[in-house]
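The block underneath contains the structure these notes are about, expressed in structure tokens.
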Amino acid sequence: GAGVSQSPSNKVTEKGKDVELRCDPISGHTALYWYRQSLGQGLEFLIYFQGNSAPDKSGLPSDRFSAERTGGSVSTLTIQRTQQEDSAVYLCASSLGGTGANVLTFGAGSRLTVL
Amino acid sequence: QQPVQSPQAVILREGEDAVINCSSSKALYSVHWYRQKHGEAPVFLMILLKGGEQKGHDKISASFNEKKQQSSLYLTASQLSYSGTYFCGTEIYNTDKLIFGTGTRLQVFP
């Protein structure tokens, strides 16, 4: 597609429920990132996929968070047993990848509210 | 690993200049700068590769001091459209993942 597409744009859930957030990157982009942005805060790195390499999961805050990238394209971020502190905007970004060529294009984000 | 930005916030009148700094404790391959307007996704401004280069984009320019692992973003003759939060993103040597700084909120008033 022309840009990075994320869905849903807004998700309200109850504490303890599981949620899935989807990211469809730009066609041909081999690198895909997930970041979390809490209200008024910076961009917190969560996970990074590059081609067929094992993902860099070093930013995932707990084992309730996981992500997959199927066929080198679409990615799903799953949060299990959601907590109120998980409320944030989850941003996905993709790039052509490669050292020095990692110019990111961001999606519009998925706003998660945990009640 | 997260780079540190300063200042945290800047308030300007139209036409004034500002400098935003980004510092890392790790050896860097590149530094990126992005701008995020309220309620929108971050948008790429420029990338600086190792070699101490300086780049310009309209009246926004940046420098990268590889030895000090520091970058600065220069905004000259600021316009209302410059308002937003500026993030530096750092690419550490031997990784190609991008880690963002804490952000600098810039507000330009008429």
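For the protein sequence lines, the chains are A and B, in the order given.
The number in our numbering is simply the position in the first sequence, starting from 1, with 85 added.
The number in our numbering is simply the position in the second sequence, starting from 1, with 354 added.
Glycine residues also receive a C-beta, built at the ideal position from the N, C-alpha and C atoms.
Note that this is a predicted model, so its numbers are computed, not measured.
Proximal chain B residues relative to residue i, where beta-carbon distance stays under 7 Å
| i | result |
| --- | --- |
| L106 (chain A) | Chain B residues near L106 (chain A): none, gap ~15 Å exceeds 7 Å. |
| L162 (chain A) | In chain order: nothing, as chain B lies at least about 16 Å away. |
| G183 (chain A) | D450 |
Nearest neighbour of residue i, chosen from the options [CA to CA]
| i | options | result |
| --- | --- | --- |
| G136 (chain A) | A:N187, A:S92 and A:S147 | A:N187 |
| Y120 (chain A) | A:G144, A:G101, A:E99 and A:T163 | A:G144 |
| L402 (chain B) | B:E394, B:W387, B:F463 and B:L460 | B:W387 |
| V358 (chain B) | B:D371, B:S378 and B:A372 | B:S378 |
| P140 (chain A) | A:K102, A:G157, A:G113 and A:S147 | A:G157 |
| D103 (chain A) | A:F130, A:S172, A:D109 and A:T115 | A:S172 |
| I132 (chain A) | A:A152, A:S138, A:G113 and A:K100 | A:A152 |
| L399 (chain B) | A:R196, A:K142, A:T198 and A:F191 | A:F191 |
| S138 (chain A) | A:S123, A:R154, A:S147 and A:L128 | A:R154 |
| T439 (chain B) | A:Y175, A:G125 and A:T161 | A:G125 |
| V174 (chain A) | A:V159, A:V199, A:R166 and A:L181 | A:V199 |
| D109 (chain A) | A:A116, A:V89 and A:L189 | A:V89 |
| G182 (chain A) | A:T163, A:F134 and A:Q91 | A:F134 |
| K467 (chain B) | B:K451, B:P396, B:S384 and B:E394 | With chain B running from 355 to 464 in the structure shown, residue 467 (chain B) is simply not present. |
| S432 (chain B) | B:H392, B:S360, B:I453 and B:D412 | B:D412 |
| K100 (chain A) | A:A116, A:R149 and A:S112 | A:R149 |
| N465 (chain B) | B:V462, B:T458 and B:L382 | The shown model of chain B, from 355 to 464, leaves out residue 465 (chain B), and the question about it has no answer. |
| L176 (chain A) | B:C442, B:A395, B:V373 and B:Y447 | B:A395 |
| F130 (chain A) | B:Q355, B:L460, B:F463 and B:Q461 | B:Q355 |
| Y118 (chain A) | B:E368, B:P464, B:L452 and B:T458 | B:L452 |
| T163 (chain A) | A:R107, A:A87, A:N95 and A:T98 | A:R107 |
| N375 (chain B) | B:F463, B:G369 and B:R459 | B:R459 |
Strand pairing of residue i, partner residues [DSSP]
| i | result |
| --- | --- |
| D109 (chain A) | A:S90 |
| Q122 (chain A) | A:V174 |
| E153 (chain A) | A:T161 |
| V188 (chain A) | Per DSSP, none; premise fails for V188 (chain A). |
| L427 (chain B) | B:I374 and B:A416 |
| R367 (chain B) | B:F463 |
| R196 (chain A) | A:N95 and A:V174 |
| S435 (chain B) | Its beta-bridge partners do not exist; DSSP assigns none. |
| A116 (chain A) | A:Q135 and A:S180 |
| Y440 (chain B) | B:R389 and B:T458 |
| L452 (chain B) | B:E445 |
| D141 (chain A) | A:Y133 |
| S147 (chain A) | DSSP lists no partner for S147 (chain A). |
Partner residues on chain B for residue i, Cβ-Cβ distance less than 9 Å
| i | result |
| --- | --- |
| N187 (chain A) | S384, H386, I401, G443, E445, D450, K451 and L452 |
| A193 (chain A) | E394 and A395 |
Proximal residues of chain A, C-beta to C-beta of residue i below 9 Å
| i | result |
| --- | --- |
| G438 (chain B) | Result: empty, since nearest Cβ-Cβ is about 13 Å, beyond 9 Å. |
| F463 (chain B) | Going along chain A, no residue has its Cβ under 9 Å from F463 (chain B), so there is no contact; the nearest lies around 20 Å. |
Beta-carbon neighbours of residue i, restricted to chain A and to distances below 8 Å
| i | result |
| --- | --- |
| G455 (chain B) | G127 |
Contact test: residue i Cβ vs the ligand SAH heavy atom, cutoff 8 Å
| i | result |
| --- | --- |
| S384 (chain B) | As presented, the structure is devoid of all ligands, the ligand SAH included, so that no description of it is given. |
Chain B contact residues for residue i, given Cβ-Cβ distances below 8 Å
| i | result |
| --- | --- |
| L176 (chain A) | A395 and P396 |
Proximal residues, the segment 126-148 of chain A versus chain B, C-beta separation under 9 Å: If you check each beta-carbon in the segment 126-148 of chain A against every beta-carbon of chain B, the ones closer than 9 Å belong to Q126, G127, L128, E129, F130, Y133, Q135, D141, S143 and G144.
Segments of 3+ residues assigned as beta strand (DSSP E) that fall wholly inside the segment 376-413 of chain B: Within the segment 376-413 of chain B, the runs of beta strand (DSSP E) that reach at least 3 residues and sit entirely inside it are, in chain order, 382-390, 397-403 and 408-411.
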